[in-house]
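See structure below.
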Amino acid sequence: MELFQYPYMQRALIGALVIGLAAPALGIYLVQRRLALIGDGVGHVALTGVGAGLLLNRSPVLVAVIAATIGAIAIEIVRARGRTSGDLALALLFYGGIAGGVLLVGLSDATSANLNAYLFGSLTTISPADLTTIALLGAAILVTMIALRPALFAVSHDEEYARVSGLPVRTLNLLIAVATAVTVTIAMRAVGVLLISALMVVPVATAQQVTRGFRSTMAAAMALGFFAAGSGVWVAATADTAPGASVVLVAIASFLVVAVAGAVWRVVRRRTTPTAAPTPEPHEVVLS
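Per this note's numbering: the sequence shown = residues 15 to 302.
Here's what the structure looks like:
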């Protein structure tokens, strides 16, 4: 714990905790819409933005925000029009984003260390300005996802019902797309563009095993994301491992623990619950 006396580790912990809360709060809507992998697709497009920023000597994060937002809106338009399936649109983002990123980074003078910082995260290099950006944008995502929960849930669950109810479906869909782009971008420094989707999806998948309602699932997913982020940074600090990978592995370990515990509990409950006697049919005669 002595490492957390240093300012850079404190910034790393705070940044990870903010993202650990915000990512599952958004991810639950993506899972509900069966777009669990959209974070990967947007992350690959953000990588193209990073490459463009490095090539043009501009802020890679700012250019990545613009590129990721355009990519997220594009996939939402393609999905909404129905001419191309969501899976195919995601595949186009995957391949086009990673190809464009690799090409642009290769044309720039960036080193492999700079590229790895965006691919897999670099929590310990977060500056005070980076932390301020992460905190402000993360708080905005978190507040928006919670404040608009009824409307966003309605749109994610059944767009036709939401449209009949008078909700601005297109605006809400675009809001989710932009929020995804912003979340992916601010999480680049924490877990990297290749791992952010896991932090959006895994806590939600874990919470779904032990909760029933949407509100309780959202709260549990945020708590699990917060736990994974804090524990992952602690593991990275004590074991000298990559912070982003440590956070994701803790989240996956939590999923496995909950899955195994749930399976064991169901087996024990099935064996301890007495089997009810079969109800006799109306025409059967029960002798005393």
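Glycine included, each C-beta is placed from N, C-alpha and C at the ideal position.
How many Å lie between residue i and residue j at the Cα?
i, j, result
"A221", "A277", "15 Å"
"Y82", "P257", "The sequence as given places Ala at residue 82; Tyr does not occur at that position. Using only the alpha carbons, I get a separation of about 23 Å."
"G29", "G246", "12 Å"
"I52", "S211", "7 Å"
"W4", "A267", "Any question about residue 4 goes unanswered here, given that the chain covers just 15 to 302."
"A275", "T255", "28 Å"
"Q24", "L145", "10 Å"
"L301", "H171", "A caution first: L301 carries a pLDDT of 46, below 50, which makes its placement in the model unreliable, though a value can still be read off. Each residue's Cα considered, the two are about 53 Å apart."
"Q223", "A273", "7 Å"
"T199", "V79", "6 Å"
"L133", "M236", "24 Å"
"V56", "A253", "31 Å"
"T194", "R285", "44 Å"
"V75", "L68", "10 Å"
"V32", "L106", "30 Å"
"V92", "G239", "30 Å"
"L231", "A219", "Per the sequence shown, the amino acid found at residue 231 is Thr instead of Leu. If I take the Cα positions, the gap works out to 9 Å."
"P142", "Y175", "45 Å"
"Y20", "E90", "42 Å"
"G227", "L70", "48 Å"
"L209", "T287", "42 Å"
"S122", "I112", "15 Å"
"V216", "R72", "33 Å"
"L166", "D54", "21 Å"
"S260", "P38", "17 Å"
"V299", "R280", "Confidence at V299 is low in this model, with a pLDDT of 48, below 50, so its placement is unreliable and the value that follows should be read with caution. Their Cα atoms are separated by approximately 36 Å."
"L186", "L150", "21 Å"
"Y22", "T139", "7 Å"
"S136", "A251", "13 Å"
"A26", "A204", "8 Å"
"A265", "R177", "36 Å"
"A233", "G34", "12 Å"
"G110", "G85", "10 Å"
"A243", "G206", "13 Å"
"E173", "T147", "33 Å"
"V271", "R283", "18 Å"
"T197", "A36", "8 Å"
"A201", "N130", "14 Å"
Where does the unbroken alpha helix (DSSP H) through residue i begin, and where does it stop?
i, result
"A193", "183 to 200"
"Y22", "21 to 46"
"D172", "Premise fails: D172 is in no alpha helix (DSSP H) and is neither H nor E."
"D254", "No alpha helix (DSSP H) contains D254, which DSSP labels as neither H nor E."
"A219", "210 to 222"
"I160", "142 to 161"
"V64", "52 to 70"
Are the C-beta atoms of residue i and some chain B residue less than 7 Å apart?
i, result
"Q24", "The structure shown contains no chain B; it is built from a single protein chain."
For the ligand ZN, any of its heavy atoms closer than 6 Å to the Cβ of residue i?
i, result
"I112", "As far as ligands go, the structure on display features none, and thus does not contain the ligand ZN."
message: With a threshold of 8 Å, are at least 3 pairs of Cβ atoms found where one atom belongs to the segment 168 to 185 and the other to the segment 51 to 60?
response: Not touching, per the Cβ criterion.
message: Contact between the segment 151 to 159 and the segment 45 to 56 is defined here as three or more beta-carbon pairs at a separation below 8 Å; is this criterion met?
response: No, the segment 151 to 159 does not touch the segment 45 to 56.
Contact the segment 37 to 44 vs the segment 183 to 197: 3+ CB pairs below 8 Å: In short, these stretches touch, since the Cβ pair count reaches three.
query: Using 8 Å as the threshold, is the segment 63 to 79 in touch with the segment 114 to 123, meaning 3 or more CB pairs across them?
result: Here the segment 63 to 79 lies against the segment 114 to 123, with 3 or more beta-carbon pairs under 8 Å apart.
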